[in-house]
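Report on the following structure.
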Amino acid sequence: MKILKKKYGTIILVLVIFFLCVWAFYPSDRAGIGRIQDMPDFVAVTDSEAQDGYDAYLNNASTAERPDQVIRIEGERYSKTDGEGFEVADQYQGLDGKAVITPDTGSISWDVNIDNPGLYNVRIHYYPIKGKSASIEREFSINQEVPFKGAEIIFFKRLWGNRDAEIKRDDRGNDLRPRQVEKPAWRLTAFADSDGYYDEPYLFNFGKGIQTLTLTALREPMAIDYIELYQDESVKTYAETKSEYEAAGIGAGKDQFLLVQAEDAVLKSSPTLYPVSDRSSATVMPQNDSKIRINSIGGTNWKLPGQWIEWEVDVKEDGLYQIALKRKQDQLRGIYATRSLMIDGEYPFNEMKRIRFDFSMDWQMDVLGGDEPYLFHLTKGKHVIRITNTLGDIAPLLQTIESSVLELNEMYRKILIITSNTPDTYRDYQLEKRIPSMVDVFKKQAKTIQSVADYLEQATGERSDKVAVLHTLVRQLKEMADEPETVAKRLGSLKINIGGLGTWILTVREQPLKLDYLVVSSPDREVPKAEASFLDTAGHELGAFVASYTEDYDSIGNIGDSDRSVNVWITTGRDQAQVLKGLIDETFTPETNISVHLKLVPGNILLPATLAGEGPDVAMQIGEDVPVNYAMRKSAADLSVFPDFKEVAARFRDSALEPYKYNGGIYALPEQQTFPMLFYRKDILKELNLEPPETWQDVYNMIPVLQKHNMDFWLPLENPTNNATLVPNATFSMLLYQNGGQFYTDDSKKSALDSDMSMEVFKKWTQFYTNYKFPVIADFPNRFRTGEMPIGIADYTTYNMLTVMAPEIKGLWDFTMVPGTEMEDGTVNHNVASHTTSVLMLDNSDDKQSAWEFMKWWTDKETQVAYGREMEGLLGESARYPTANIESLQELPWPVKDYKNLENQWQWVQGIPQVPGGYFTGRHLDNAFRKVINANQNPRESLSDYILYINNEIAVKRKEFNLPK
């Protein structure tokens with residue numbers, strides 16, 4: 001009887017757990033949603049003193065007329081060009097007539113006679129010429145002046161689509177993500193705000209008489225057919241449109257139902273908008289419990305303002321139709337995503353400019369218009385539906401917070417000048433007297449930020465994490481306004497909260513939305529339900545659970561064998577592996593008939609696998625210390641023995657190959673190469689009457705000015721918890737190389753850091769911290785963003801981070817070559833050391849020739865460019881690939897000016913050799929440095945002591961591997 005009870009108890013327990021699991025996957029998020037109010041538009045609160053913005057520009061032209069006429073300026077009738085590469089082409093890319101080809105540098109101007117002065121919109125008929133796959137960027141000026149800040153960069157989109165009409169599958173039955181390719185065509189586009197803050201195209205004020213219009217190239221080439229000055233027509237409301245339907249006798253369609261899979265989009269504005277797989281619900285179409293199916297589009301890839309997707313629908317008969325979207329917006333709790341909808345290039349009515357999608361963890365079926373669906377007039381035939389990511393009602397909120405961040409950062413810097421970043425908590429700095437505007441700024445910004453929080457709460461019906469950060473800062477600002485004597489001791493938390501406000505801008509500006517399909521149907525047809533039934537959900541989850549034990553998720557793409565094959569291991573993310581495997585299957589295997597087994601593995605598995613004889617033929621994305629360590633143990637293959645090695649090595653600078661040289665051979669090929677650049681805030685240096693330093697003497701000259709304002713200059717300094725694998729410091733390395741020094745001497749048998757010159761360089765380096773009190777620990781990107789560190793040296797990939805994470809300082813910063821050392825002949829040496837990652841061939845490879853063919857293909861210009869563009873298309877600008885291939889970097893989508901800065905610095909790059917026992921160099925260089933700055937030890941004595949350890953370790957390792965003493 002007891003056994004029977006136990007069995008029943010076990011069965012009941014299993015059933016309870018099963019139903020709880022199903023409930024967890026089948027939640028209802030209706031509870032807790034408050035009443036959402038229909039709110040009037042929020043009015044942006046911005047800096048009234050900012051006279052270079054679009055709002056101020058319109059205010060100044062508030063009395064100007066809006067002439068009802070169209071003025072066309074033919075592209076080929078330009079008046080002036082500045083630069084090379086401009087030419088007139090006839091019948092270009094199917095155009096009926098002539099166009100002017102404009103390169104990615106220089107400027108082109110047109111003179112136009114304006115009879116009726118006033119405000120005009122401007123649009124351009126252009127063709128995106130093949131370039132580096134980035135959006136086209138131009139600066140627009142009238143009579144040699146940029147009219148307002150937004151006109152400094154006008155974006156013109158490229159067109160993208162799936163390369164193949166059908167989604168392909170690998171040999172295991174999984175869908176492969178379709179590759180995105182450019183599909184250029186002539187487009188007519190208005191000059192509009194690239195940040196999405198303004199729904200309508202820009203208005204420009206033109207005076208009477210001859211006006212000169214100039215487009216200055218910032219990035220990518222384009223062909224121009226014509227430019228037009230025109231008036232953008234106002235869009236009618238739905239009520240007005242509906243009345244026109246009735247007056248024209250247009251009736252609803254009958255028994256019509258069109259379902260368009262979202263992943264079948266015909267065009268997109270960005271390569272990031274590729275179709276994706278979603279397995280969150282059994283109702284997503286198509287679906288498979290165990291296999292990967294490409295069945296949706298958007299999500300976190302479709303999040304930036306201005307990104308659009310187009311679908312084509314073929315309507316069978318004229319009439320009025322409703323449109324429904326099966327969508328999921330599960331990323332923005334406490335806020336909503338906004339989209340606009342156009343049909344055949346026009347808004348059907350005004351309500352389609354702002355379509356709101358509220359937060360929900362589940363898929364939802366949204367019929368546009370809700371309970372009383374909007375009806376759209378569609379004629380028989382094909383139509384194009386475009387859905388665009390817009391900020392909508394959120395735009396003025398973002399403008400307000402962005403202005404607040406800038407004003408609070410400015411006040412923070414003023415306080416910093418008086419208190420420093422480590423204020424005395426027991427001292428009353430009398431900040432309210434020394435900065436008379438401080439209390440008023442705190443009160444004003446508290447009120448402003450509170451109004452944004454209140455608007456969001458009323459608009460969404462809930463108080464979420466999106467408003468919590470606002471309330472936190474409001475509370476602190478109010479308290480500091482009431483008790484100004486506490487400001488100094490709360491400076492740290494103020495900085496954190498202002499930083500949180502900057503993060504809030506990033507989070508709210510990104511508005512992801514995922515679509516499963518679109519439905520265009522007559523009103524008499526019901527739309528499908530988005531929710532899965534209980535049985536469908538249970539079956540789907542059970543099938544996925546079983547598949548997790550039967551499917552191989554480590555292997556990427558096709559795994560079938562040909563006559564020759566290579567095993568390749570990659571240690572980065574799945575996205576990178578999938579992009580690589582796609583390129584392999586598209587180009588490498590068809591061209592060489594060599595199959596590649598690509599596996600995604602943890603970074604620490606290569607060594608134990610190699611020791612066990614289970615390693616790959618090729619390992620990718622390997623640190624620069626690994627190849628020589630493997631070569632010493634005869635585990636890495638010498639690549640210099642291949643007859644075409646010199647041809648392959650010419651793809652890279654010698655500095656990139658330096659870490660892989662050992663005993664006369666070269667044991668890896670570089671994949672990525674990074675090096676330091678000087679980053680600086682243009683606005684702050686201008687305030688301080690400073691210029692970016694060209695030499696270290698210029699740095700010494702600017703330090704007192706910065707420190708007078710309690711600002712810092714950043715020099716790169718690692719702060720590792722374990723310095724066992726620490727590389728030599730970037731600042732020390734650049735000073736060493738700029739003064740003609742080396743790390744090793746006597747054929748790499750001993751350290752060269754005991755020379756007088758090295759000792760002097762080490763002393764200079766440490767004096768930045770002992771004499772000038774440079775910070776040892778700092779979050780440079782964030783302090784650069786706030787202005788505390790308006791200048792500093794950092795790896796050039798910091799550019800990608802700042803581009804994405806600091807939109808509020810867009811256009812206020814730049815980067816250039818690092819400060820150099822002035823030589824006796826008057827020239828300046830800007831040498832820096834680089835760091836690389838590599839692709840390595842294991843010595844136990846069964847087919848070294850096939851492995852070499854793969855390595856050659858991977859490091860080739862075309863492959864590196866394709867991989868770099870795919871990764872940037874996949875993950876955005878933050879994933880811009882720092883390739884080591886010289887020609888490839890030039891083809892990646894860098895703005896021309898920024899690439900030239902990189903190229904100038906790259907010519908000064910040197911590599912750091914890897915030698916037996918060389919891992920002691922970075923480690924003990926750091927130890928000697930910290931002895932000086934922490935224990936006040938003499939620099940020469942400190943470094944001399946640790947050089948003994950370095951030389952001893954080199955000698956031990958050379959003896960261990962039977963190398964000459």
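Under the working numbering, the first residue of the sequence shown carries the number 1, and numbering increases by one thereafter.
Just so you know, even glycine gets a beta-carbon here, dropped at the ideal spot from N, CA and C.
Opening and closing residue of the beta strand (DSSP E) in which residue i lies
{"i": "Tyr-998", "result": "Because the chain spans 1 through 965 in this model, residue 998 falls outside it and cannot be assessed."}
{"i": "Ile-584", "result": "Where Ile-584 is concerned, there is no enclosing beta strand (DSSP E), given that its DSSP letter is neither H nor E."}
{"i": "Arg-187", "result": "187–190"}
{"i": "Ser-521", "result": "513–521"}
{"i": "Glu-76", "result": "First-last for Glu-76: undefined, no H or E at that position."}
{"i": "Leu-735", "result": "Run containing Leu-735: none in the beta strand (DSSP E); it sits in the alpha helix (DSSP H), 730–738."}
{"i": "Thr-102", "result": "98–102"}
{"i": "Asp-82", "result": "80–82"}
{"i": "Arg-958", "result": "Arg-958 -> not in any beta strand (DSSP E); alpha helix (DSSP H) instead, spanning 939–960."}
Bridge partner(s) assigned by DSSP for residue i
{"i": "Gln-364", "result": "Arg-327"}
{"i": "Asp-795", "result": "Pro-676"}
{"i": "Asn-301", "result": "Answer by DSSP bridge pairing: none, since Asn-301 is not bridged."}
{"i": "Asp-358", "result": "Tyr-336"}
{"i": "Val-180", "result": "One detail in the question is off: residue 180 reads as Gln in this sequence, not Val. Asn-162."}
{"i": "His-377", "result": "Leu-320"}
{"i": "Asp-111", "result": "Thr-212"}
{"i": "Gly-93", "result": "The sequence as given places Gln at residue 93; Gly does not occur at that position. Gln-93 is not bridged to any residue."}
{"i": "His-471", "result": "Note: His-471 sits in no beta bridge, so no partner."}
Opening and closing residue of the alpha helix (DSSP H) in which residue i lies
{"i": "His-924", "result": "919–935"}
{"i": "Glu-312", "result": "Per DSSP, Glu-312 belongs to no alpha helix (DSSP H); it is in the beta strand (DSSP E), 308–315."}
{"i": "Ser-403", "result": "394–419"}
{"i": "Glu-228", "result": "Premise fails: Glu-228 lies in the beta strand (DSSP E), 222–230, not in any alpha helix (DSSP H)."}
{"i": "Lys-495", "result": "491–509"}
{"i": "Asp-654", "result": "654–657"}
{"i": "Ala-446", "result": "438–460"}
{"i": "Asn-60", "result": "54–60"}
{"i": "Ile-703", "result": "696–708"}
{"i": "Leu-431", "result": "431–434"}
{"i": "Ile-684", "result": "682–687"}
{"i": "Phe-645", "result": "645–649"}
Whether residue i touches residue j by CB criterion (8 Å)
{"i": "Tyr-772", "j": "Ile-703", "result": "yes"}
{"i": "Asp-752", "j": "Phe-743", "result": "The amino acid at residue 752 is misidentified as Asp; the sequence shows Ala. Yes, these two residues count as a Cβ contact at 8 Å."}
{"i": "Glu-808", "j": "Ile-394", "result": "no"}
{"i": "Gln-329", "j": "Leu-513", "result": "yes"}
{"i": "Ala-833", "j": "Ile-912", "result": "yes"}
{"i": "Leu-678", "j": "Thr-816", "result": "yes"}
{"i": "Phe-588", "j": "Phe-854", "result": "yes"}
{"i": "Lys-682", "j": "Trp-813", "result": "yes"}
{"i": "Ser-404", "j": "Ile-343", "result": "no"}
{"i": "Thr-725", "j": "Tyr-919", "result": "yes"}
{"i": "Val-579", "j": "Val-596", "result": "no"}
{"i": "Gly-83", "j": "Gly-106", "result": "yes"}
{"i": "Lys-466", "j": "Ile-435", "result": "no"}
{"i": "Asn-174", "j": "Lys-291", "result": "yes"}
Any chain B beta carbon closer than 8 Å to residue i
{"i": "Lys-168", "result": "No chain B appears in this structure, which consists of one protein chain only."}
Residue i CB to nearest heavy atom of the ligand MG below 7 Å
{"i": "Val-405", "result": "The ligand MG is not part of this structure, which contains no ligands at all."}
Suppose only complete runs of 3+ residues qualify. What are the beta strand (DSSP E) ranges in the region 125–165, listed by chain order?
Listed in chain order, the complete beta strand (DSSP E) runs (minimum 3 residues) inside the region 125–165 are 136–142, 154–156 and 160–162.
Pairs of beta-carbons, one from the region 467–487 and one from the region 260–277, closer than 8 Å: are there three or more?
The region 467–487 is not in contact with the region 260–277.
Kindly confirm or deny that the region 280–299 and the region 335–347 touch, where touching means at least three C-beta pairs closer than 8 Å.
Two segments are said to touch when three or more pairs of C-beta atoms, one from each, lie closer than 8 Å; by this definition the region 280–299 does not touch the region 335–347.
Quick one: complete beta strand (DSSP E) runs, 3+ long, within the region 583–634?
Fully enclosed beta strand (DSSP E) runs of 3 or longer: 594–600 and 618–623.
Which residue spans inside the region 785–856 form an unbroken alpha helix (DSSP H) run of at least 4?
With a minimum length of 4 residues, the continuous alpha helix (DSSP H) runs that stay inside the region 785–856 are 798–805.
Quick check: the region 300–314 against the region 177–191, are at least 3 beta-carbon pairs closer than 8 Å?
In short, these stretches do not touch, since the Cβ pair count stays below three.
Contact between the region 623–640 and the region 800–819: three or more CB pairs below 8 Å?
Counting C-beta pairs with one atom in each stretch, the region 623–640 and the region 800–819 have fewer than three that are closer than 8 Å, which means they do not touch.
Is the region 486–500 in contact with the region 242–261, if contact means three or more CB pairs nearer than 8 Å?
Segments in contact, no.
Do three or more CB pairs link the region 476–485 to the region 351–362 at distances below 8 Å?
Short answer: they don't touch.
Length-filtered (4 minimum) alpha helix (DSSP H) runs lying within the region 868–908:
Qualifying alpha helix (DSSP H) stretches, in chain order: 886–891 and 896–906.
Specify whether the region 650–659 and the region 899–916 touch according to this definition: at least 3 beta carbon pairs, one from each stretch, less than 8 Å apart.
Output reads yes: the region 899–916 touches the region 650–659.
Any 3 or more C-beta pairs closer than 8 Å across the region 515–523 and the region 254–264
Remark: three or more beta-carbon pairs, one from each stretch, lie closer than 8 Å, so the region 515–523 and the region 254–264 are flagged as touching.
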